[in-house]
Amino acid sequence: MSDTMHRTSLGEAAARKLADVTKTAPQMGAISPRWLLRLLPWADVEAGQYRVNRVRVVGSEFQRVEAQVDGEQVTVQPAQLRSIHALRDLDDATLEAIAARLETASFEPGEALIEQGARIEAMYIICDGRVEVFQRARGGREAVLTVREIGETVGEPGLLRPGRAPVGARALVPVLALRLGHDALKQVLADHPDAKEALQAAADEVSGRREVAVDLTTSSEREQTVSTTWIDYDDEPQEIVLSSISTTLRVHSRVMDLYKQPYDQLREQSRLVIEAMKERQEWELINNRSFGLANNTLLRIPTRTGPPTPDDLDELLARVWKEPSFFLAHPHAIAAFGRECTRRGTPPPTVERFGAQFITWRGVPLVPTDKIPIDPSRGVPRTRIFLLRVGEDRRGVVGLHQPSIGDERLPSFALRFNGIDGLGVASYLVTLYFSLAVLADDALGSLDGVELGHYYDGV
Numbered sequence: 001m002s003d004t005m006h007r008t009s010l011g012e013a014a015a016r017k018l019a020d021v022t023k024t025a026p027q028m029g030a031i032s033p034r035w036l037l038r039l040l041p042w043a044d045v046e047a048g049q050y051r052v053n054r055v056r057v058v059g060s061e062f063q064r065v066e067a068q069v070d071g072e073q074v075t076v077q078p079a080q081l082r083s084i085h086a087l088r089d090l091d092d093a094t095l096e097a098i099a100a101r102l103e104t105a106s107f108e109p110g111e112a113l114i115e116q117g118a119r120i121e122a123m124y125i126i127c128d129g130r131v132e133v134f135q136r137a138r139g140g141r142e143a144v145l146t147v148r149e150i151g152e153t154v155g156e157p158g159l160l161r162p163g164r165a166p167v168g169a170r171a172l173v174p175v176l177a178l179r180l181g182h183d184a185l186k187q188v189l190a191d192h193p194d195a196k197e198a199l200q201a202a203a204d205e206v207s208g209r210r211e212v213a214v215d216l217t218t219s220s221e222r223e224q225t226v227s228t229t230w231i232d233y234d235d236e237p238q239e240i241v242l243s244s245i246s247t248t249l250r251v252h253s254r255v256m257d258l259y260k261q262p263y264d265q266l267r268e269q270s271r272l273v274i275e276a277m278k279e280r281q282e283w284e285l286i287n288n289r290s291f292g293l294a295n296n297t298l299l300r301i302p303t304r305t306g307p308p309t310p311d312d313l314d315e316l317l318a319r320v321w322k323e324p325s326f327f328l329a330h331p332h333a334i335a336a337f338g339r340e341c342t343r344r345g346t347p348p349p350t351v352e353r354f355g356a357q358f359i360t361w362r363g364v365p366l367v368p369t370d371k372i373p374i375d376p377s378r379g380v381p382r383t384r385i386f387l388l389r390v391g392e393d394r395r396g397v398v399g400l401h402q403p404s405i406g407d408e409r410l411p412s413f414a415l416r417f418n419g420i421d422g423l424g425v426a427s428y429l430v431t432l433y434f435s436l437a438v439l440a441d442d443a444l445g446s447l448d449g450v451e452l453g454h455y456y457d458g459v
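With the working numbering as the guide, the letters of the sequence shown map in order to residues 1 to 459.
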């Protein structure tokens with residue numbers, strides 16, 4: 001039976017034809033809080049270029065050996081061996097000979113790579129897993145000195161000067177490594193005698209980057225000759241050129257003319273494009289191969305056992321100890337850290353910033369961002385946690401942009417009309433200029449190999 005036979009008044013379907021509809025602006029689910037863009041101080045740049053002048057630094061930058069692991073098989077390109085301090089000055093032929101003599105070795109958790117007090121017989125390149133370096137005191141108590149991870153070495157100091165190991169090294173988890181024995185190295189040096197001098201020079205040189213020392217004199221009451229000194233500058237300072245994110249926004253002129261109430265179509269289209277560009281900007285600040293945080297971190301430490309524990313974050317704070325500003329981590333990494341704190345009965349306190357709650361450790365907030373990648377290639381998903389000191393006045397990390405560039409809608413944003421084609425479609429060129437600078441090596445550190453997905457039911 002039809003509805004019109006029982007209706008005694010105007011129906012709702014017909015009434016809606018005359019009613020106004022309350023509408024929202026277009027919603028984009030990909031928009032995130034972008035805390036990094038808010039917390040990062042921004043320095044104004046002139047002419048699109050920023051020069052980082054520093055005191056002269058000597059020594060080589062620490063690098064990791066990149067090896068290819070396929071099951072139990074490990075291969076490494078000879079050129080990668082230059083990442084090892086002792087081998088960095090060897091020629092290609094010598095490196096190829098060394099690579100040919102590398103042997104694969106595997107260790108179970110707790111198994112020793114190097115016994116403290118025993119003769120060092122080989123150097124190991126860690127290709128998978130973690131190795132704990134420790135020292136045993138006379139009373140039998142052990143002190144953990146450091147944890148080595150993928151791409152690092154153990155036993156390198158004894159490569160040319162074999163002797164008794166002052167420390168021990170053992171596997172924390174299953175470890176796959178490449179072994180270079182002293183006998184194999186002797187064979188290489190016998191075939192390439194010129195390499196011994198380069199090895200000896202590298203062994204005598206202190207590894208790592210450091211600023212040139214300033215010569216000062218401390219005197220008491222007696223007369224003493226005062227030292228002379230000067231501060232030398234880096235003669236090739238880093239120069240950072242602003243990067244750009246661009247796109248062409250196309251909107252039909254008919255759409256802009258007829259459908260602009262209550263929301264202007266051009267304004268909404270440009271707003272959503274700008275939001276997407278800001279999301280991309282935060283991703284680039286973290287992952288860009290040239291200036292991103294991930295590729296400009298010199299202070300890198302591994303987790304001790306995999307999950308991010310309070311001990312791991314304490315160790316990271318010990319590296320970036322000069323006025324740390326905030327941790328930067330994937331939300332899953334923050335959740336993993338929270339589980340480790342709950343397991344230990346030490347729930348981290350929270351702090352409110354920008355109207356949102358952040359958990360903290362030692363008073364330093366853990367700021368979430370989904371732009372830090374998660375690597376699932378090794379079975380257990382892994383990621384990184386960064387710790388930053390920010391600000392030009394604190395020799396920290398700063399964002400770079402150039403305001404007042406013309407046709408500017410936001411700082412360092414430009415939206416320019418680019419004409420109308422024969423179909424009546426208007427084009428607008430949208431561009432964002434930005435970059436990032438790390439003013440000092442100790443302004444940025446990372447906790448690597450952070451494993452996700454560890455749960456403790458009933459603990």
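C-beta atoms are modelled at their ideal positions from N, C-alpha and C, and glycine is treated no differently.
Close beta carbons around residue i, own chain, < 6 Å, minus the five adjacent residues each side
| i | result |
| --- | --- |
| Glu340 | Pro307, Thr309 |
| Leu95 | Pro78, Leu81 |
| Glu103 | Arg179 |
| Glu236 | none |
| Ser446 | Thr297, Arg300, Arg384, Phe386 |
| Asp457 | none |
| Pro460 | For residue 460 there is no data in the structure shown, the boundaries of the chain being 1 and 459. |
| Met277 | Ile245, Leu432 |
| Ala112 | Arg170 |
| Phe337 | Pro308 |
Alpha-carbon spacing of residue i relative to residue j, whole angstroms
| i | j | result |
| --- | --- | --- |
| Ile120 | Arg161 | 9 Å |
| Tyr455 | Ile334 | 13 Å |
| Met1 | Gly453 | With a pLDDT of 49 at Met1, under the threshold of 50, the modelled position of this residue cannot be trusted, and the question is left open. |
| Gln27 | Gln265 | 14 Å |
| Leu439 | Arg382 | 28 Å |
| Ser106 | Thr217 | 52 Å |
| Thr146 | Phe134 | 7 Å |
| Gln200 | Arg164 | 19 Å |
| Gly292 | Ala190 | 44 Å |
| Val167 | Asp314 | 23 Å |
| Arg378 | Glu72 | 13 Å |
| Pro33 | Arg51 | 30 Å |
| Lys186 | Lys196 | 10 Å |
| Thr8 | Ala15 | 14 Å |
| Trp321 | Leu37 | 23 Å |
Proximity below 7 Å, CB of residue i to CB of residue j
| i | j | result |
| --- | --- | --- |
| Val74 | Cys127 | yes |
| Thr426 | Ser253 | Checking the sequence shown, residue 426 turns out to be Ala, not Thr. The answer is yes: Cβ separation under 7 Å. |
| Leu429 | Thr248 | yes |
| Val144 | Glu132 | yes |
| Glu149 | Arg170 | no |
| Met123 | Leu176 | no |
| Thr303 | Gly140 | no |
| Gly48 | Leu242 | yes |
| Val394 | Glu282 | First, the amino acid is wrong: residue 394 is Arg here, not Val. For Arg394 and Glu282, no; Cβs fall outside 7 Å. |
| Leu436 | Gly399 | yes |
| Ala202 | Ala86 | yes |
| Leu317 | Arg289 | no |
Boundaries (first-last residue) of the beta strand (DSSP E) holding residue i
| i | result |
| --- | --- |
| Asp70 | 67 to 70 |
| Leu258 | Taken as a continuous stretch (DSSP letters only), Leu258 belongs to no beta strand (DSSP E), being part of the alpha helix (DSSP H) at 253 to 258. |
| Pro310 | Per DSSP, Pro310 belongs to no beta strand (DSSP E); it is in the alpha helix (DSSP H), 310 to 319. |
| Arg389 | Neither: Arg389 is in no beta strand (DSSP E) and is coded neither H nor E. |
| Ser446 | 444 to 451 |
Where the alpha helix (DSSP H) through residue i begins and ends
| i | result |
| --- | --- |
| Pro368 | Careful: Pro368 lies outside any alpha helix (DSSP H), inside the beta strand (DSSP E) at 364 to 368. |
| Trp283 | 265 to 287 |
| Phe337 | 331 to 344 |
| Asp92 | 92 to 100 |
| Glu12 | 12 to 15 |
| Leu184 | The question names Leu, but residue 184 in the sequence shown is Ala. Per DSSP, Ala184 belongs to the alpha helix (DSSP H) from 182 to 191. |
| Leu39 | 35 to 39 |
Integer-rounded CB distance, given that residue j should sit under 8 Å from residue i
| i | j | result |
| --- | --- | --- |
| Gln269 | Val251 | 6 Å |
| Ser404 | Phe434 | Not quite, the Cβ-Cβ distance comes to about 15 Å (not below 8 Å), so this is no contact. |
| Ile372 | His330 | 5 Å |
| His332 | Trp42 | About 28 Å separates the two Cβ atoms, so there is no contact after all. |
| Val364 | Phe417 | Rounded, the Cβ-Cβ distance is 46 Å, inconsistent with contact. |
| Arg101 | Val188 | 7 Å |
| Glu451 | Val380 | 5 Å |
Distance cut-off 6 Å: residue i Cβ against heavy atoms of the ligand GTP
| i | result |
| --- | --- |
| Glu197 | This structure does not include the ligand GTP; it has no bound ligands of any sort. |
Spatial neighbours of residue i in its chain, beta-carbon cut-off 7 Å, leaving aside the 5 residues before and after
| i | result |
| --- | --- |
| His6 | none |
| Ile84 | Val65, Thr153, Glu156 |
| Glu12 | none |
| Val45 | Leu242, Leu400, His401, Gln402 |
Contact with chain C by residue i, beta-carbon distance below 7 Å
| i | result |
| --- | --- |
| Pro347 | Going by chain labels, chain C is absent from the structure shown, which holds only one protein chain. |
Own chain, CB closer than 8 Å to residue i, minus 5 neighbours either side, in chain order
| i | result |
| --- | --- |
| Leu522 | Lying outside 1 to 459, the shown extent of the chain, residue 522 is not represented and no answer is given. |
| Tyr233 | Asn53, Arg54, Val55, Arg56 |
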